[in-house]
Amino acid sequence: MTKHINQKNRLSPMLSFKNVRKTFAEMVVLKNIDFNLQGSEMVGLVGPSGSGKSTILNIAGCIDNVTAGEVTFNEQATEKMSKIEKNNLRRSDIGFIFQHFQLVESMSVRQNIELPLRLLNYSRKERKKLSQEIIDALGISAIADKLTTQISGGQKQRTAIARALVKKPKLIIADEPTASLDKENADAVFKLFKSFLETMQISLLMASHDQQALTQMHRVITLEKGEIISTT
Amino acid sequence: MNQSIFHLSLCNFKARLRRTLLNILLITTATTGLMTIAGFGLFTYVSLEQRSARETGHLVLSNPLQFAKPENRLMEHGLENLDAVKKELFKNSDVLHALPVINFQGLIANDNKSVTFLGRGIDPKEITVRGPFINLIKGSSINYKYNSQDDPEVMLGKGLAKNLSVKIGDYLTLLSNTVDDSLNGFDVKVVGISETGIPEIDNRTLFTHYQTAQDLLSTDKVNQVAIYLKELSFLQRAGKKITSAFQDLKVTYWDELAVFYQGVKNLYNTIFYFVGSITFVIIFFAVFNLISTSIWERTREFGVLASLGFAPKEIMLSLLLESTLIGLISMVFATIIYGGVSVALLFSNIMMAPPPGQTTGYPLQVIFSGEIILYIALITFFIVQLSTFLASTKINKLSITQSLMHL
Ligand SMILES: Nc1ncnc2c1ncn2[C@@H]1O[C@H](COP(=O)(O)OP(=O)(O)OP(=O)(O)O)[C@@H](O)[C@H]1O
Ligand SMILES: [Mg+2]
Numbered sequence: 001m002t003k004h005i006n007q008k009n010r011l012s013p014m015l016s017f018k019n020v021r022k023t024f025a026e027m028v029v030l031k032n033i034d035f036n037l038q039g040s041e042m043v044g045l046v047g048p049s050g051s052g053k054s055t056i057l058n059i060a061g062c063i064d065n066v067t068a069g070e071v072t073f074n075e076q077a078t079e080k081m082s083k084i085e086k087n088n089l090r091r092s093d094i095g096f097i098f099q100h101f102q103l104v105e106s107m108s109v110r111q112n113i114e115l116p117l118r119l120l121n122y123s124r125k126e127r128k129k130l131s132q133e134i135i136d137a138l139g140i141s142a143i144a145d146k147l148t149t150q151i152s153g154g155q156k157q158r159t160a161i162a163r164a165l166v167k168k169p170k171l172i173i174a175d176e177p178t179a180s181l182d183k184e185n186a187d188a189v190f191k192l193f194k195s196f197l198e199t200m201q202i203s204l205l206m207a208s209h210d211q212q213a214l215t216q217m218h219r220v221i222t223l224e225k226g227e228i229i230s231t232t
Numbered sequence: 001m002n003q004s005i006f007h008l009s010l011c012n013f014k015a016r017l018r019r020t021l022l023n024i025l026l027i028t029t030a031t032t033g034l035m036t037i038a039g040f041g042l043f044t045y046v047s048l049e050q051r052s053a054r055e056t057g058h059l060v061l062s063n064p065l066q067f068a069k070p071e072n073r074l075m076e077h078g079l080e081n082l083d084a085v086k087k088e089l090f091k092n093s094d095v096l097h098a099l100p101v102i103n104f105q106g107l108i109a110n111d112n113k114s115v116t117f118l119g120r121g122i123d124p125k126e127i128t129v130r131g132p133f134i135n136l137i138k139g140s141s142i143n144y145k146y147n148s149q150d151d152p153e154v155m156l157g158k159g160l161a162k163n164l165s166v167k168i169g170d171y172l173t174l175l176s177n178t179v180d181d182s183l184n185g186f187d188v189k190v191v192g193i194s195e196t197g198i199p200e201i202d203n204r205t206l207f208t209h210y211q212t213a214q215d216l217l218s219t220d221k222v223n224q225v226a227i228y229l230k231e232l233s234f235l236q237r238a239g240k241k242i243t244s245a246f247q248d249l250k251v252t253y254w255d256e257l258a259v260f261y262q263g264v265k266n267l268y269n270t271i272f273y274f275v276g277s278i279t280f281v282i283i284f285f286a287v288f289n290l291i292s293t294s295i296w297e298r299t300r301e302f303g304v305l306a307s308l309g310f311a312p313k314e315i316m317l318s319l320l321l322e323s324t325l326i327g328l329i330s331m332v333f334a335t336i337i338y339g340g341v342s343v344a345l346l347f348s349n350i351m352m353a354p355p356p357g358q359t360t361g362y363p364l365q366v367i368f369s370g371e372i373i374l375y376i377a378l379i380t381f382f383i384v385q386l387s388t389f390l391a392s393t394k395i396n397k398l399s400i401t402q403s404l405m406h407l
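Sequence lines, in order, name chains A and B. Heads up: the first sequence is residues 1 to 232, going by my numbering. Heads up: the second sequence is residues 1 to 407, going by my numbering.
The structure is reproduced here in structure tokens:
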């Protein structure tokens with residue numbers, strides 16, 4: 001297992017949290033959060049339930065704001081971005097894999113996977129080509145034209161992964177992506193997912209309890225009560 | 001404009017077909033309801049207008065003093081030279097009929113009793129012109145041709161005939177003053193019994209040929225000439241021309257004489273505005289409720305779309321597009337049903353209750369009008385879009401993380 005990280009990127013991290021603090025109402029959910037994520041790096045987040053993993057992911061993915069501190073994406077402070085700029089950032093550079101997959105129920109598997117490409121105004125031809133490639137690679141061509149309400153959990157998972165990968169983003173944010181799968185399925189899907197990330201040089205920030213998956217991360221950050229207690 | 005917006009609308013339109021159909025059903029029903037009410041209202045006004053205009057004539061030509069000053073002597077303010085006046089009138093191509101009228105009163109008697117009457121000496125064509133608004137319930141109308149050698153003919157109102165217990169063919173005696181204040185009497189033959197549906201008229205009115213009335217009153221004047229145009233819509237144009245053609249006579253428009261029409265119209269205005277606004281409010285809330293529920297259900301989906309990079313504006317636009325589609329489909333259905341209802345009612349012969357002051361009802365009909373379709377379509381379209389806008393504004397206020405957690 002190579003843990004090689006591009007030297008150039010190490011100098012200017014892709015994603016950086018500096019002394020981030022987050023409170024909901026009066027409750028402190030994150031404090032003193034400091035970490036960097038380099039291009040092509042895969043970082044795991046572990047910690048008990050309620051320790052703030054999802055909150056970090058939401059902030060990293062620009063769908064939530066910090067209370068204090070600074071987050072930069074490619075050296076740009078996300079707090080200073082307008083809503084439209086954040087939107088465009090998510091549109092082109094960030095892919096999400098949510099805990100409950102969050103597929104669009106009114107669309108087929110294929111339409112879900114094509115959706116990010118549509119948003120980026122890819123031509124019909126390009127959309128078909130790119131989505132078919134990823135559908136084939138993830139082994140879901142048999143169900144590609146089914147509605148997402150008619151497929152199994154494992155198939156939903158693969159669809160969610162395909163949707164995050166298809167536009168080749170710079171960063172994928174994944175919240176317990178394998179939690180609802182049985183171990184065998186989880187290992188197989190994760191292996192496939194990781195090989196894509198490597199060939200496409202996509203960074204990953206993933207919250208997980210899955211030991212097998214965590215051992216394959218370049219680094220693992222452990223959280224407790226909203227604070228980083230160790231980084232390995 | 002991003003291509004994905006329209007795609008999203010279409011996907012949702014199709015995938016949630018049951019929801020979509022439910023929305024279309026409600027909006028169609030509401031729109032059809034409004035169109036039908038409006039069409040019925042329009043019919044009521046138009047038939048009321050026709051009825052009043054046909055009763056008096058579209059335009060009335062008279063001596064300027066006729067309606068202005070009481071007469072000292074009978075027919076003092078009458079109109080002279082009827083033939084010349086008619087000849088001049090028919091030079092105007094909008095004029096269909098010019099029918100002289102003499103109003104007079106007196107006593108009518110059988111062997112046993114005598115009662116007062118209000119006489120209307122007419123050109124018998126008037127009965128045909130009034131069409132559905134005066135019913136010949138027995139016998140026939142007065143002979144078109146007047147012949148002073150024949151027995152003078154009268155047609156009695158239903159109530160008056162009943163009061164005198166006459167049959168068709170019976171003879172009665174008509175007594176009235178002449179213009180030089182002596183008494184004159186004719187034996188007249190009852191040829192018909194008529195009904196207008198307005199009791200005050202049916203209980204007292206007697207129709208006879210205007211020349212019979214002229215003979216009875218010993219005059220060659222008439223009170224007025226009722227002018228009927230080829231179309232009621234020519235009223236303003238014809239009114240101006242006739243006014244300038246008859247400098248020393250007075251032209252009165254039908255609605256100035258139709259006090260009754262104005263009253264009923266005001267009453268109906270109140271009713272229709274009242275019913276209309278209540279219906280509008282009910283429809284607004286029903287549509288708003290349905291649309292905001294169907295949008296609210298999708299909150300989580302909007303969170304997902306936002307995380308993928310859809311801007312709130314784009315999501316709203318997609319919802320508005322979807323509503324536009326639903327609205328347009330509903331408008332088409334509503335127009336078809338509205339047309340169907342108006343055609344079906346033409347054949348159904350359902351009667352409405354009589355308007356105030358009348359004893360006969362009128363057929364329930366709905367006018368199919370392009371203007372109604374346009375206005376109602378605009379109104380419901382506005383309701384649908386406003387509801388969509390309000391509901392999506394509410395959702396856009398949530399943060400993405402809140403939307404994603406929504407169940
Ligand atoms: N929108 C919110 N409003 C209020 N409190 C919140 C909100 N989101 C998260 N929290 C609180 O913040 C804390 C951290 O939540 P978070 O979801 O980040 O934990 P987590 O580590 O992802 O937990 P889990 O493993 O159960 O997913 C929890 O105490 C949670 O109750
Ligand atoms: Mg979590």
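We treat Cβ as the ideally placed atom computed from N, Cα and C, and that holds for glycine. Computed from a predicted structure; not experimentally measured.
In terms of side-chain proximity, the C-beta atom of F24 (chain A) is found nearer than 6 Å to a non-hydrogen atom of ligand 1. Sequence-distant Cβ neighbours of V222 (chain B) in its own chain, meaning closer than 8 Å and more than five residues away, are G78, L79, L82, P100, V101, I102, G121, Y210 and Q214. Rounded to the nearest angstrom, the gap between the Cα atoms of R237 (chain B) and T270 (chain B) is 31 Å. In this structure, the alpha-carbon of L171 (chain A) lies about 23 Å from that of P312 (chain B). Each of A:R163, A:V220, A:D182 and A:R219 was checked against the Cα of F193 (chain A), and the nearest Cα belongs to A:R163. Around the beta carbon of G226 (chain A), a 10 Å sphere encloses 16 or more other beta carbons of the protein chains shown; the residue is thus reported as buried. Here the alpha carbon of L10 (chain B) sits roughly 22 Å from the alpha carbon of Q132 (chain A). Annotation: the continuous beta strand (DSSP E) that includes A68 (chain A) extends over A68 to F73.
Within the same chain, and ignoring the five residues on either side of M35 (chain B) in sequence, the residues whose Cβ sits closer than 8 Å to its Cβ are A334, T335, Y338, I372, I373 and I376.
Along the length of the region 212-292 of chain B, whole beta strand (DSSP E) runs at least 3 residues long occupy 224-229 and 250-253, reported in chain order. Annotation: Cβ neighbours of V304 (chain B) in chain A (cutoff 7 Å, chain order): Q102 and V104.
Restricted to the region 154-214 of chain A, the alpha helix (DSSP H) segments that are unbroken, complete and at least 4 residues in length are 183-200 and 211-214, listed in chain order. Per DSSP, the beta-bridge partners of L147 (chain A) are A:S108.
For N23 (chain B), the uninterrupted alpha helix (DSSP H) segment begins and ends at L17 to T56.
Residue pairing of P363 (chain B) in beta bridges, as defined by DSSP: B:M351.
Considering only A:T148, A:V29, A:S40 and A:K128, the residue with the shortest C-alpha distance to E198 (chain A) is A:S40.
Secondary structure note for A109 (chain B): its beta strand (DSSP E) is the uninterrupted segment V95 to A109.
Closest in C-alpha terms to S140 (chain B), from the list B:N147, B:F117, B:T393 and B:T128, comes B:T128. Here the alpha carbon of D64 (chain A) sits roughly 56 Å from the alpha carbon of F368 (chain B). Among the CB atoms of chain A, none fall inside 7 Å of the CB of T380 (chain B). Membership of D34 (chain A) in any alpha helix (DSSP H) is not indicated; the residue belongs instead to the beta strand (DSSP E) covering M27 to L37. Using a CB distance below 7 Å, the part of the region 13-40 of chain B facing chain A consists of A15 and R16, ordered along the chain.
Each residue's CA atom was taken as its position, placing I283 (chain B) and I134 (chain B) some 40 Å apart. Closer than 9 Å at the C-beta level to chain A, one finds these residues of the region 284-312 of chain B: R298, R300, E301, G303, V304, L305, A306, S307, L308, G309, F310, A311 and P312. Checking the 6 Å criterion, the Cβ of S54 (chain A) is within range of a heavy atom belonging to ligand 1.
Annotation: the continuous beta strand (DSSP E) that includes F117 (chain B) extends over S114 to I122.
Taking C-beta atoms under 8 Å as the contact rule, V188 (chain B) and V154 (chain B) qualify, at a distance of about 5 Å. Taking non-hydrogen atoms of ligand 1 into account, the C-beta of V29 (chain A) is found less than 6 Å away from one of them.
The alpha-carbon of V281 (chain B) is positioned some 21 Å away from that of L42 (chain B).
Scanning A:T23, A:I94 and A:G44 for the CA closest to the CA of V220 (chain A) turns up A:G44.
Here Q76 (chain A) is exposed, its C-beta having fewer than 16 other C-beta atoms within 10 Å. At a cut-off of 7 Å between beta carbons, F96 (chain A) contacts chain B. Neighbours of I395 (chain B) in chain A, taken as residues whose beta carbon is under 8 Å from its own, are absent, since the nearest beta carbon is some 15 Å off.
Interface annotation, R118 (chain A): in contact with chain B, CB-CB separation under 7 Å.
Around the C-beta of V275 (chain B), fewer than 16 other C-beta atoms lie within 10 Å, and the residue is accordingly described as exposed. Between E301 (chain B) and V189 (chain A), the C-beta spacing is not below 7 Å.
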